[in-house]
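One structure is given below, encoded as structure tokens.
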Amino acid sequence: MSRFRNLVGALVLGAAAALNAAPARAAGEAIALPDTRFSFEGLFGTFDRGSLQRGFQVYKEVCSACHAMKQLSYRNLLEIGLTEEQARNIAAQFQVVDGPNDQGEMFERPARLSDRFRRPFANEQAARAANNGAYPPDLSVIVKARAGGADYIHALLIGYTEPPAGFNLMDGMNYNAYFPGHQIAMPNVLNPGQVEFADRTEATVDQMATDVATFLAWAAEPELEQRRQMGVRIILFLIVLGGLTYAVKRKIWADVKH
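Just so we're aligned: the sequence shown equals residues -26 to -1, 1 to 232 in mature numbering (1 follows the signal peptide of the UniProt record, and there is no 0).
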């Protein structure tokens, strides 16, 4: 009986907390994000390899100037459909610090597949100094770290507009329709035709934002497709097992009745 009372009490407290939280959410500004309908959404969703490769290109040519992705290595590019030669050539474009050598000195060399993505700044202080005090976050798991996930990243990148009349935009800030508070230190970084995609896809702002959001979603969960495939296999196995169990049960009880 006491357990039942504790359970009821917990449910009541939970309901009260939810009711109390609702006005707080209502008091703040609700920003509706556009539904991008990514290919990887849903139970059977998968990552579009073409979009992943275009998204990496956008990151490499635009975002990597400020944002690191320290959780990724150049060999991970094989997982988005690039050949080993392509991945090696991309890695070789960057210089990384290695050593010490036989003289005890550090030196620079072209990056290898085993190296992590090169960071744009040596440390947080250098990053802030180059960005007027703002710190560009690491993008390795940014999709998991932001409410709205890939939809939020896409919306943020297409959300730069002129502020409405009467809006008090602080110095050094930029207006963004989808950023909380609508003031963001990061400037608009995407412009039509800014990137020339290898597959000749037109580089509109929406296309680049969609592709880089797809790439960042994959970077945050590179095992997503494997987990879903395993989940589907388990569900199918349980369905077959359930059917067999039911058939055996009917057979056994049929014999008992006779």
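The C-beta atom is built at its ideal place from N, Cα and C for all residues, glycine as well.
Just so you know, these numbers come straight off a predicted model, no measurement behind them.
**OP:** Can you tell me the Cβ-Cβ gap for leucine 131 and arginine 90, rounded? I've got them flagged as a contact below 8 Å.
**Re:** About 24 Å separates the two Cβ atoms, so there is no contact after all.
Original post:
What runs of the alpha helix (DSSP H), each 4 residues or longer, lie entirely inside the segment 186 to 232?
Top reply: 198 to 231
**OP:** Whole angstroms is fine: what's the gap from isoleucine 154's alpha carbon to isoleucine 5's?
**Re:** As written in the sequence, residue 154 is proline, which differs from the isoleucine given in the question. Cα to Cα, proline 154 sits roughly 8 Å from isoleucine 5.
Subject >> Close Cβ partners of asparagine 162 (< 7 Å) along its chain, the five nearest in sequence each way excluded >> reply: Tyr134, Asn148
Original post:
Do alanine 42 and alanine 66 have their CB atoms nearer than 8 Å?
Top reply: no
Original post:
Looking at the unbroken beta strand (DSSP E) that takes in glutamate 82, where does it start and where does it end?
Top reply: 81 to 84
**OP:** Return the first residue and the last residue of the beta strand (DSSP E) that aspartate 125 is part of.
**Re:** Here aspartate 125 belongs to no beta strand (DSSP E); instead the alpha helix (DSSP H) covers 123 to 132.
Original post:
Quick one: Cα of proline 110 to Cα of glycine 16, how far?
Top reply: 30 Å
Original post:
How many angstroms separate the CA atom of glutamate 170 from the CA atom of lysine 34?
Top reply: 12 Å
Original post:
Is glutamine 157 helix, strand or coil by DSSP?
Top reply: strand
Original post:
Relative to the alpha-carbon of leucine 56, which residue among Asn165, Leu87, Gln69 has its alpha-carbon at the smallest distance?
Top reply: Leu87
Subject >> Simplified DSSP state of tyrosine 149, which is helix, strand or coil >> reply: strand
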